[in-house]
Amino acid sequence: RPAFGEWGIDEKYRIDLTKDRARFSRLFEQQNPVAGDTGILVKFTYRGRHSFTVTGLIFEWNFRPFGRIRSVPRTLHDGESWEGLIFTRDADMEQITAVIVEGEGGRLFRQEINSDYHERMEMHTGEHDS
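This is how it looks when you write it as structure tokens:
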């Protein structure tokens, strides 16, 4: 059976310094969020026969790869979960259009987010099927 991911994504996650600084230390080193900033919390549950080693997150902004957040590599086996946090001051967070869990060997699992923004862009560009 092919490997896939089950996603739990909170697009309006409020950053809690006490809880999140240790969990997402590399993000804090890169972006330095403050209490109450809004991030995107990604929970990824791996489903597959062979293990998958997560190395971080990539996020798309306006439908193009934009940023990468490295994490300490973690090997997942079938049914195991991993969490990552996306936060940036370099782009409008509501225009992040997809998140990608990146793994060793170039393995990627992608999930689109911010569906309201997708719909607005489709209407603006005339690609909406109304």
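Residue 512 is where the sequence shown starts when you use this note's numbering, and the numbers rise one by one after that. Yeah, the Cβ is synthetic: ideal placement off N, Cα and C, and Gly gets one too.
In the structure shown, the three-state DSSP call for Phe577 is strand. If you check the CB distance, Leu538 and Thr564 do not come in under 9 Å. By the 16-neighbour rule on beta-carbons within 10 angstroms, Ser582 is buried. Rounded to the nearest whole angstrom, the CA to CA distance from Ala533 to Phe598 is 15 Å. By the neighbour-count criterion, in which 16 or more other beta carbons inside 10 Å mark a residue as buried, Gly547 falls on the exposed side.
Taking 9 Å as the cut-off, the Cβ atoms of Arg621 and Ala609 count as close.
The beta carbon of Ile520 is closer than 8 Å to those of Ile551, Leu552, Val553, Lys554, Val610, Gln622, Ile624 in its chain, skipping five residues each way along the sequence. Residue burial annotation: Phe515 is exposed, with fewer than 16 other C-beta atoms found within 10 angstroms of its C-beta. With contacts defined by Cβ atoms closer than 9 Å, Thr549 and Met634 do not form a contacting pair. Listed in chain order, the non-local C-beta contacts of Leu619 below 8 Å within the same chain comprise Ile569, Ile611, Val612, Glu613, local neighbours out to five positions each way being set aside. DSSP places Thr529 inside the alpha helix (DSSP H), whose first and last residues are 528–534.
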